Amino acid sequence: MSCLLAPTLPCLRQSGLAAALRIAWQQQQQQQQQQWLHTSSAQQMLQAGLENPMDLFDRSQKAVQRDRAALLRRSLHRPDPLLLHITERLLDRLEDCLSSFPTAVILGGAGEVVAQGLAGGRAGVQRVIHMDTSQGMLELAKERAAEQQARHPPGHVPETSYVLADEEYLPLADGSVDLIVSCLGLHWVNDVPGTLAQIRRALKPDGLFLGAMLGGQTVQELRISCSLAQQERQGGVSPFVSPLAQVRDAGNLLTRAELALPTVDVDTFVMRYSSAVSLVSHLRLMGESNALQVKRGSGLSRDTALAAAAAYQSLYCDEEEGDHIQATYQVMFMTGWSPSSSTPKAAKRGSATVSFHEMAEELQKRGAVAGRAEGGSSSNDSQQ
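In UniProt numbering, the protein residues as written are 1 to 384.
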């Protein structure tokens, strides 16, 4: 598999150093895995069908799925509406930033849509490094960039390098880039805290990370329907919808990565489909098919799949929308900054010079708020 790597950039690590770091990291992971295999949690995961308990997702399988998704997207004349909407919501956060970001990195996910959104000098982006585990996605992004440039004046699309790389092993030098955007890619990473830590190190001081990942309520209707069908036809349940992070985890992940001013927003989108088959087809188009490391031969049988589709239609049919079924997509939008000397920080405990009681009294004197200070009465009390 060849790499569409443009001339070497100073922000990319030397290949030998990157390879050495990767080997050392893998050896450390293997040692941790051998210790963890003896725990009860590991045994439970093995019984659930996971070949490698340390890696929940099969990254090579996900790359193949994304190659297939790239082929499917080539037939579209415009970006997928859901991917476009999520990408726009994520990049809208750049409008609130006064800083410019000359060098930006795009990590997997809806990368080709993000690249189009960063064109035209948005947020001061002059150069882009587009990374993906899928060769097909990189080629698709390159084609879309050429089409976009053909419709605009020269220089509309920033200088772009296409790098075949894994989000779990970022070949980026420390403090080398200004902006990193990951739109719908992190929820397929096995070591999200590790990837976020690498992102923080790669950012220059006061650099920005923008991320969007699917939350735990995503396609919950499909998860429930598959579980019901399996319980009825097979007498048991095994995972066929990949687990996703919960909202409460997102902020902790940013804090653990030592990103400053972490912010997490959650949006829920409801899409409608003609059938469960249409939903699954859309997931394949987006590259969001299940990538759990399950045992071979443990896929849904035809009978169980038909039962799941029937259960879905029965439970989540919207008669007002022409008998279409609905599917939920929960998206967590994350923002974090690389710490710098200019980063605002919370004041130390005990450094306040005015108490809340004194502040409340002063506001009441000025008529800014209604209420009762100590020894006085509020308007509500006087009416009683």
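By construction, the Cβ of each residue, glycine as well, lies at the ideal position given by its N, Cα and C atoms.
As the structure is a prediction and not an experimental result, all values here were calculated from the model.
(request) With DSSP collapsed to three states, give me the class of Tyr273. (result) By 1-based counting over the sequence shown, the position of residue 273 is 273. Strand, per DSSP.
(request) Just grab the DSSP bridge partners of Phe333 for me. (result) Here residue 333 is taken as the residue at index 333 of the sequence shown, counted from 1. Bridge partners of Phe333: Ala212, Asp265.
(request) Taking all protein chains shown into account, decide if Arg366 is buried (16 or more other Cβ within 10 angstroms of its Cβ) or exposed. (result) On the sequence shown, position 366 is the one that residue 366 refers to. Arg366 comes out exposed.
(message) Classify His130: buried if its beta carbon has 16 or more other beta carbons within 10 angstroms, exposed otherwise.
(response) In the sequence shown, counting from the first residue as 1, residue 130 sits at position 130. Buried, since its Cβ has 16 or more Cβ neighbours within 10 Å.
(request) Check whether the Cβ atoms of Leu214 and Met332 lie closer than 9 Å to each other. (result) Residue 214 sits at position 214 when you count from the first residue of the sequence shown. Residue 332 sits at position 332 when you count from the first residue of the sequence shown. Cβ distance < 9 Å, so Leu214 and Met332 count as in contact.
(request) From the DSSP output, read off the bridge partner residues of Asp318. (result) Looking up residue 318 in the sequence shown gives position 318. In the DSSP output, where bridge partners are listed per residue, Asp318 has His324.
(message) Taking the alpha carbon of Pro262 as the reference point, which residue from Leu98, His85, Asp249 has its own alpha carbon closest?
(response) Counting from one through the sequence shown, the residue named residue 262 turns up at place 262. Ranking Leu98, His85, Asp249 by Cα distance to Pro262 puts Asp249 first.
(message) Looking at the strands, I want to know which residues DSSP matches up with Ser351.
(response) In the sequence shown, counting from the first residue as 1, residue 351 sits at position 351. DSSP, once it has assigned bridges, lists no residue as partnering Ser351.
(request) Please report how far the alpha carbon of Val64 lies from the alpha carbon of Ser341, in whole angstroms. (result) Numbered from 1 along the sequence shown, position 64 holds the residue referred to as residue 64. Numbered from 1 along the sequence shown, position 341 holds the residue referred to as residue 341. If I take the Cα positions, the gap works out to 43 Å.
(request) Report yes or no: do the region 85-104 and the region 163-174 share at least 3 C-beta pairs separated by less than 8 Å? (result) no
(message) Would Met271 and Tyr329 qualify as a contact pair, given that the criterion is a beta-carbon distance under 9 Å?
(response) Here the question's residue 271 lines up with position 271 in the sequence shown. Here the question's residue 329 lines up with position 329 in the sequence shown. Yes, the pair counts as a contact, with Cβ atoms nearer than the cut-off.
(message) Let me confirm a value: Gly109 is counted as buried when at least 16 other C-beta atoms fall within 10 Å, else exposed. Which label applies?
(response) Along the sequence shown, one-based indexing puts residue 109 at 109. That one is buried.
(request) Assign Phe240 to one of two classes, buried (16 or more other C-beta atoms within 10 Å of its C-beta) or exposed (fewer than that). (result) Along the sequence shown, one-based indexing puts residue 240 at 240. The residue in question, Phe240, is buried, as its Cβ has 16 or more Cβ neighbours within 10 Å.
(message) For the structure I just gave you, are there three or more beta carbon pairs, one from the region 300-309 and one from the region 225-244, closer than 8 Å?
(response) The answer is yes - the region 225-244 touches the region 300-309, with three or more Cβ pairs under 8 Å.
(request) Can you give me the start and stop residues for the beta strand (DSSP E) that Arg127 sits inside? (result) Numbered from its first residue, the sequence shown carries residue 127 at position 127. 127-132 is the span of the beta strand (DSSP E), which, as asked, contains Arg127.
(request) Spell out the partners DSSP gives Tyr162 in its beta bridges. (result) As a first step, residue 162 must be located in the sequence shown, where it is residue number 162. Paired residues: His130.
(request) Give the secondary structure of Cys195 by DSSP, where H, G and I count as helix, E and B as strand, and everything else as coil. (result) Residue numbering aside, residue 195 sits at position 195 when the sequence shown is read from its first letter. It is Thr, not Cys, that sits at residue 195 in the sequence shown. Thr195 falls in the helix class under three-state DSSP.
(message) I need the straight-line Cα distance from Pro102 to Gln116, nearest angstrom please.
(response) Along the sequence shown, one-based indexing puts residue 102 at 102. Along the sequence shown, one-based indexing puts residue 116 at 116. Roughly 16 Å separates the two Cα atoms.
(message) For Val177, report the span of its beta strand (DSSP E) as first-last.
(response) Numbered from its first residue, the sequence shown carries residue 177 at position 177. Where Val177 is concerned, the enclosing beta strand (DSSP E) stretches over 177-183.
(request) Verify whether the separation of the beta carbon atoms of Ile199 and Ala104 is less than 9 Å. (result) Start at 1 with the first residue of the sequence shown, and residue 199 comes out as number 199. Start at 1 with the first residue of the sequence shown, and residue 104 comes out as number 104. No, they are not a contact pair.
(request) Could you say which of Leu300, Leu138, Leu76 lies nearest to Gly235 if we only look at CA atoms? (result) Residue numbering aside, residue 235 sits at position 235 when the sequence shown is read from its first letter. Per the Cα distances, Leu300.
(message) Restricting to runs no shorter than 3 residues, where is the beta strand (DSSP E) found entirely within the region 47-91?
(response) none
(request) Report all residues from its chain with a CB closer than 7 Å to the CB of Val192; omit the five preceding and five following residues, and keep chain order. (result) Numbered from 1 along the sequence shown, position 192 holds the residue referred to as residue 192. By the criterion of a C-beta distance shorter than 7 Å, Val192 is surrounded in its chain by Leu186, Leu253, once the five residues flanking it on both sides are discounted.
(message) Can you look up Lys345 in the DSSP assignment and give me helix, strand or coil?
(response) Indexing the sequence shown from 1 puts residue 345 at position 345. Coil at Lys345, not helix or strand.
(request) Can you give me the start and stop residues for the beta strand (DSSP E) that Val105 sits inside? (result) In the sequence shown, residue 105 corresponds to position 105, counting from 1. 103-107 is the span of the beta strand (DSSP E), which, as asked, contains Val105.
(request) Determine contact between the region 118-129 and the region 211-225, defined as no fewer than three beta-carbon pairs at a distance below 8 Å. (result) With the cut-off at 8 Å, the region 118-129 and the region 211-225 do not touch.
(request) Pull up the distance between the alpha-carbon of Ala123 and that of Glu288, whole angstroms please. (result) Here residue 123 corresponds to residue number 123 of the sequence shown, with the count starting at 1. Here residue 288 corresponds to residue number 288 of the sequence shown, with the count starting at 1. Computed Cα separation, rounded: 29 Å.
(request) Specify the secondary structure class of Ala245 as computed by DSSP and reduced to three states. (result) By one-based count along the sequence shown, residue 245 stands at place 245. Here Ala245 sits in strand by DSSP.
(message) In the DSSP output, which residue or residues are listed as bridge partners for Leu292?
(response) Sequence index remark: in the sequence shown, residue 292 carries index 292 (1-based). According to DSSP, Leu292 bridges with Phe57.
(request) Would you identify the three-state DSSP class for Ala260, choosing helix, strand or coil? (result) In the sequence shown, the residue the question calls residue 260 occupies position 260. Residue state, collapsed to three classes: strand.
(request) Identify whether Ser379 lies in helix, strand or coil by the three-state DSSP scheme. (result) Position 379 of the sequence shown holds residue 379. Legend: pLDDT at Ser379 = 42, less than 50; position of this residue unreliable, value from coordinates given subsequently. For Ser379, the secondary structure class from DSSP, reduced to helix, strand or coil, is helix.
(message) Tell me the residue span of the alpha helix (DSSP H) that contains Cys226.
(response) In the sequence shown, counting from the first residue as 1, residue 226 sits at position 226. That run of the alpha helix (DSSP H) goes 220-233.
(message) Using C-beta distances below 6 Å, list every residue in its chain close to Ala257, excluding the 5 sequence neighbours before and after it, in chain order.
(response) By 1-based counting over the sequence shown, the position of residue 257 is 257. Closer than 6 Å at Cβ, skipping near neighbours: Leu196, Ala197, Arg200.
(request) Assuming Gly216 and Leu170 form a contact by the criterion Cβ under 8 Å, report the distance between their Cβ atoms to the nearest whole angstrom. (result) Position 216 of the sequence shown, counted from the start, is the residue given in the question as residue 216. Position 170 of the sequence shown, counted from the start, is the residue given in the question as residue 170. That belief does not hold up - the Cβ atoms of Gly216 and Leu170 are roughly 26 Å apart, past 8 Å.
(request) Note down the Cα distance separating Gln364 from Arg144, rounded to an integer number of angstroms. (result) What you label residue 364 is simply residue 364 of the sequence shown in a count that begins at 1. What you label residue 144 is simply residue 144 of the sequence shown in a count that begins at 1. Rounded to whole angstroms, Gln364 to Arg144 spans 60 Å at the Cα level.
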